[in-house]
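> Please see the structure below; I have some questions.
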Amino acid sequence: MDTQTQSTNNQSIRQPLTPEQVSPEQAQANAAAMQEGNPTLNPGDIINRELTLEEKAKKVAVNVADITGDKIVVPTYFIVDDPEEGQKALHHIHDAEEISDVIRQARVDENGDRTWW
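This is the structure:
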């Protein structure tokens, strides 16, 4: 386990979930990157392995209005608690399968039965 994971095991990491929680600097940087070069990737989709866990938690992949006009926010990294590794950041594209596994585990009760809402 690396020091980044060890230092955050017992700390609560907060991720932006609404447009108001996304830092204005990040929103401006993403908008500028989209206008500059017509990129094939959304700026929030780019993996940066040098970021700390806290920095990854704040990074947003999507912060735009959907087809209905509602503003949506999708984090670049999902912070999860792994029983063996502690807290870790899963990239919303690169680690999509592992994110799905985490969601499936969260929907299983103590008897191993799936629970549906």
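So that you can map any letter, position 91 of the sequence shown is 91 in full-length UniProt numbering, and since no number is skipped, the others follow by simple counting. Backbone N, C-alpha and C fix where the C-beta goes; we use that ideal spot for every residue, glycine too. Since we're looking at a predicted model, the values are computed, not measured.
According to DSSP, what are the bridge partners of N63?
For N63, which the question treats as bridged, DSSP gives the partners V73.
> Which whole-angstrom value is the C-beta distance of P43 and M34, which I expect to be below 8 Å?
Confirmed, about 7 Å.
> Here's a check: name, in chain order, each residue in its chain whose Cβ is nearer than 6 Å to the Cβ of T115, leaving out the five neighbours to either side.
Counting only Cβ-Cβ distances below 6 Å, and skipping sequence neighbours, we find R107 and D109.
> Would you check if the distance between the CB atom of L53 and the CB atom of A89 is smaller than 7 Å?
Cβ distance < 7 Å, so L53 and A89 count as in contact.
> When you compare the CB positions of V74 and P16, do they come within less than 7 Å of one another, or not?
In this structure, P16 does not lie closer than 7 Å to V74 by Cβ.
> Taking its Cβ as the centre, do 16 or more other Cβ atoms sit within 10 Å of Q28, making it buried, or is it exposed?
With fewer than 16 other Cβ atoms within 10 Å, it is exposed.
> Taking a contact to mean a Cβ-Cβ separation below 7 Å, would you say H94 touches Y77 in this structure?
Going by C-beta atoms, H94 is not nearer than 7 Å to Y77.
> Closest to K56 by CA distance: which of D101, V80 and E85 is it?
Among D101, V80 and E85, the Cα nearest to that of K56 belongs to V80.
> Please classify Q87 as buried or exposed, where buried requires at least 16 other C-beta atoms within 10 Å of its C-beta.
Answer is buried; the Cβ neighbour count reaches 16.
> In or out: K71 buried (at least 16 other Cβ within 10 Å) or exposed?
The residue is exposed, with fewer than 16 neighbouring Cβ atoms inside 10 Å.
> Our contact map puts V22 next to N48 with C-beta atoms below 8 Å; I'd like the distance itself, whole angstroms only.
Contact doesn't hold; Cβ gap of about 17 Å is too wide.
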